[in-house]
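Asker: Below is one structure. I have some questions about it.
Numbering (mature numbering (1 follows the signal peptide of the UniProt record, and there is no 0)), first residue to last: -21 to -1, 1 to 335.
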């Protein structure tokens, strides 16, 4: 019998030995519908997807109607899952064809089978979320066109680990909002997906030769940050009904620095015309990490080139043991009790920082 641990170790060694190819332009993702009929598979196609996923769509009796806020969460979940299906479809295609940068040598078949299962599981997540929308007599979220700026397995797995971390933080927010709006029938199902995504994240971290579990308490997020982050991989104008997702989209915050596990100054850029003020002293760079209070740091302007401002701020890694995912945002204010308050006053973000 094949050892999972030995195969994963082989894949990890292969991953660590890769040298990234020269940067390339983003490519459009595979077009929908997929070969298996997704996002509108037939009954027989669903059975085949379930077989690849190792499990089934939930078949419990539907609960009571979902609140209007709950529908926002279901739409965001569907929007995210469609994005993930596109990403893993492209990754699986590259692995299957062993395109340059995706030939893993001895560990290849194990990784290929793992990603095939993940793709099928994400398809079921999307079908479940859109099924919840249809069951509440509203339109399902339709897929967009996507573009993923990765050219090798190493970068693809690093990206998968980052967006899975964001999902894990966002589903905390979704569970909280479902409970707060009385949609308690959805909390258990979301909890099962949190566990499944956590299993994925541990796998991606192992492939990067990291400890599988990053933190004792994972970083929280909010729906608006996830909605904005996903749009960074969407071809503008390609989403048929994104306007039905009533969430905020922030302006881009570009983290320039490559961070290591130490306290340091980081540099970033943002568009001055979107700041709403020339008094940058009224703005703070805010960090959200683990389940801790948001951390506020002063912004120092380095230079302005046209509309683009280059600035810096302190990153207090050592003071707060800021491992795992940190979400950065520029917000107006001097005191934020939690991630929701940060999002309410955020202008730029999210900047996604991963350290371990």
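The beta carbon of each residue, even a glycine, is placed where N, CA and C say it ideally should be.
1. Is residue 34 near the ligand ZN, in the sense that its beta carbon is under 7 Å from a heavy atom of that ligand?
2. Determine the DSSP secondary structure at residue 125, reduced to helix, strand or coil.
3. So, helix, strand or coil for residue 278, using DSSP?
4. Could you spell out where the beta strand (DSSP E) holding residue 337 opens and where it closes?
5. Are three or more beta carbon pairs between the stretch 200 to 213 and the stretch 228 to 241 nearer than 8 Å?
6. Am I right that residue 139 and residue 66 are in contact with their C-beta atoms under 8 Å? What's the rounded C-beta distance?
7. Please confirm if the stretch 215 to 229 is in contact with the stretch 312 to 321, defined as three or more CB-CB distances below 8 Å between the two stretches.
8. Classify residue 42 as buried or exposed, calling it buried when 16 or more other Cβ atoms lie within 10 Å of its own Cβ.
9. Alpha carbon to alpha carbon, how far is residue 148 from residue 99?
10. Run through the stretch 138 to 222 for me and flag every whole alpha helix (DSSP H) of 4 or more residues, listed as ranges in chain order.
11. Keeping to the same chain, check which residues put their C-beta closer than 8 Å to that of residue 5; ignore five residues upstream and five downstream.
12. Going by beta-carbon coordinates alone, are residue 64 and residue 102 separated by less than 8 Å?
13. Less than 7 Å between C-beta atoms, sequence neighbours within five positions excluded: which residues of the same chain meet that for residue 282?
14. Taking all protein chains shown into account, do 16 or more other C-beta atoms lie within 10 angstroms of the C-beta of residue 170, making it buried, or fewer, making it exposed?
15. Identify whether residue 39 lies in helix, strand or coil by the three-state DSSP scheme.
16. Can you tell me the Cβ-Cβ gap for residue 91 and residue 135, rounded? I've got them flagged as a contact below 8 Å.
17. Pick from 294, 97, 26 and 46: whose alpha carbon is nearest that of residue 37?
18. How close, in whole Å, do the beta carbons of residue 301 and residue 268 come, if the pair is a contact with beta carbons under 8 Å?
19. With residue 236 and residue 246 assumed to form a contact (beta carbons below 8 Å), what rounded beta-carbon distance in angstroms separates them?
20. Helix, strand or coil: how does DSSP classify residue 258 here?
21. Where does residue 81 fall in DSSP's three states?
22. Residue 22: buried (16+ other C-beta within 10 angstroms of its C-beta) or exposed?
23. Any idea which residues DSSP pairs residue 331 with across the strands?
24. Taking its Cβ as the centre, do 16 or more other Cβ atoms sit within 10 Å of residue 291, making it buried, or is it exposed?
25. For residue 23, report the span of its alpha helix (DSSP H) as first-last.
26. Three or more C-beta pairs under 8 Å: does that hold for the stretch 324 to 333 against the stretch 302 to 311?
27. Just the Cα atoms here: how many angstroms apart are residue 31 and residue 274?
28. Does DSSP classify residue 324 as helix, strand or coil?
Answerer: Taking the coordinates as given:
1. The model on display carries no ligand, and the ligand ZN is accordingly not part of it.
2. It is a strand residue.
3. coil
4. This structure leaves residue 337 out entirely; the chain is present only between -21 and 335.
5. yes
6. 7 Å
7. no
8. exposed
9. Each residue's Cα considered, the two are about 22 Å apart.
10. Fully enclosed alpha helix (DSSP H) runs of 4 or longer: 166 to 186 and 202 to 210.
11. In this prediction, residue 5 scores a pLDDT of 45, lower than 50, which makes its location untrustworthy; the coordinate-derived value is nonetheless stated afterwards. Correct list, in chain order: 126, 127 and 128.
12. yes
13. 289
14. exposed
15. coil
16. Incorrect: roughly 13 Å between the Cβ atoms, too far for contact.
17. 26
18. 5 Å
19. Rounded, the Cβ-Cβ distance is 5 Å, consistent with contact.
20. coil
21. coil
22. Counting every other CB atom within 10 Å of its CB across the protein chains shown gives residue 22 a total below 16, marking it as exposed.
23. 306
24. buried
25. 22 to 32
26. yes
27. 43 Å
28. helix
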